[in-house]
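One structure is given here, and the rest of the page talks about it.
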Amino acid sequence: MSTEEDPVLEQVTPLLERFRSDVEAVVPLVALWAHGSLALGDYQVGRSDLDLVALVGAAPTDAQQEELRSVHGRLIAEVPLARTLHCTYVPRGAESDPARAHPTWAQGEWFERPVTPVSRRELALGAAVLSGPPPGGLLPEVSDQELAGFVRAELADYWLRVTGDAKAALWLQDIWVDLGMLTFARASVTLRDGRLITKREALEELRSLGAPAEVVDDIRRRRYRTDLLVDPSGSADWPARRAELAREFVRTGITRLLAHQGGLPPEASADTGPAR
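Just so we're on the same page, the working numbering is the position in the sequence shown counted from 1, plus 76.
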């Protein structure tokens, strides 16, 4: 990856190069790709995740998986930025099965999950190739129908439940306000136009959707370090007020969007249900 094309990469390249080297010492690495903000030009150091997919020669053994967990743990202990590094390990020969779950490190945990249709579409649109061949022709293509179906399911089965009263306390946290608002805006564009947009573009979409301006400005200020003429964050009641504004906007928006898309599953409107 050339740092001359994008100066921000100078801050993450040492971490990515070390990660690649450490992974290669554990498993045969065929390719390493970045998607999401880093690949699509909206990466914010320390705020954005480093979303990676590693294509490896064979399914990691239990011992190799334990070593890979140690790789992530050591990096986090020595390089704080590594806390944002997520990676799914896809064995060669299994990459053509879009439903298959693969060993994954994300949010400080080791578990298994598939490479989602959104991630595969991001990789197809413009993966940052950190090692090996590009993903084109190696990962299954994502049809517009598959992408839309996945987005609708995420909204109905997960995000709508998270906006219920039982989960109201979550929205006092920055991460839930940011992720909920931006995810809804991005999903709206995908279901309307079949496109994926960046978080920066999602902020503009939120304005066009009539989102509370003070919440949108708050997200922009924290993500892009912009100054506001009026900054409400110093107000004692701001966290609670922001939480209610964001939660109500996202809940109402998802309900209307899913209804417009062909009907809202009755069970999706319940306030109960575990957050993932």
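Glycine included, C-beta positions come from ideal geometry on N, C-alpha and C.
Which residues bound the beta strand (DSSP E) around residue 189? 185–189
Considering only residues of the stretch 197–260, which uninterrupted alpha helix (DSSP H) runs meet the minimum length of 4 residues and lie entirely inside it, listed in chain order? 220–230
For residue 148, does the count of other Cβ atoms within 10 angstroms reach 16, so buried, or fall short, so exposed? buried
Which residues in the same chain have their Cβ closer than 6 angstroms to the Cβ of residue 349, if we skip the five residues on either side of it in sequence? Any reading at residue 349 must be qualified, since the residue scores a pLDDT of 33, below 50, and its modelled position is unreliable; no value is offered.
Closest by C-alpha distance to residue 291, when choosing among 103, 268, 248 and 209: 248
From the DSSP output, read off the bridge partner residues of residue 167. 132
Would you call the stretch 181–188 and the stretch 145–159 in contact, with 3 or more CB pairs under 8 angstroms? yes
Would residue 251 and residue 262 qualify as a contact pair, given that the criterion is a beta-carbon distance under 8 angstroms? no
Check whether the Cβ atoms of residue 216 and residue 174 sit closer than 8 angstroms, and answer yes or no. yes
Runs of beta strand (DSSP E) lying entirely within the stretch 82–161, each at least 3 residues, in chain order: 105–111 and 126–132
Need the endpoints of the beta strand (DSSP E) that residue 179 sits in, please. 178–182
Return the CA-CA distance between residue 163 and residue 85, expressed in angstroms with no decimal places. 18 angstroms
With a CB to CB cut of under 7 angstroms and the five nearest residues on each side skipped, what residues in its chain are close to residue 278? 258, 261 and 262
Taking buried to mean at least 16 other C-beta atoms within 10 Å of its own C-beta, is residue 322 buried or exposed? buried
What first and last residue would you give for the alpha helix (DSSP H) that runs through residue 319? 314–336
When the distance is taken between beta carbons, is residue 235 closer than 8 angstroms to residue 387? The structure shown has nothing for residue 387, since the chain only spans 77 to 352.
Starting from the C-beta of residue 270, find all residues in its chain whose C-beta is less than 8 angstroms away, skip the five residues before and the five after it, and write them out in chain order. 220, 223 and 224
Tell me whether residue 171 is buried or exposed, calling it buried when 16 or more other Cβ atoms sit within 10 Å of its Cβ. buried
Using the C-alpha atoms, what's the distance from residue 324 back to residue 335? 17 angstroms
Just tell me which of 98, 298, 285 and 159 has its CA closest to the CA of residue 326. 285
Alpha carbon of residue 337 to alpha carbon of residue 150, nearest angstrom: 45 angstroms
Contact check, residue 316 vs residue 204 under 8 angstroms by CB: the rounded distance? Actually they do not touch by this definition, with Cβ atoms about 39 angstroms apart.
Do you know whose CA, among 101, 319 and 208, lies nearest residue 246's CA? 319
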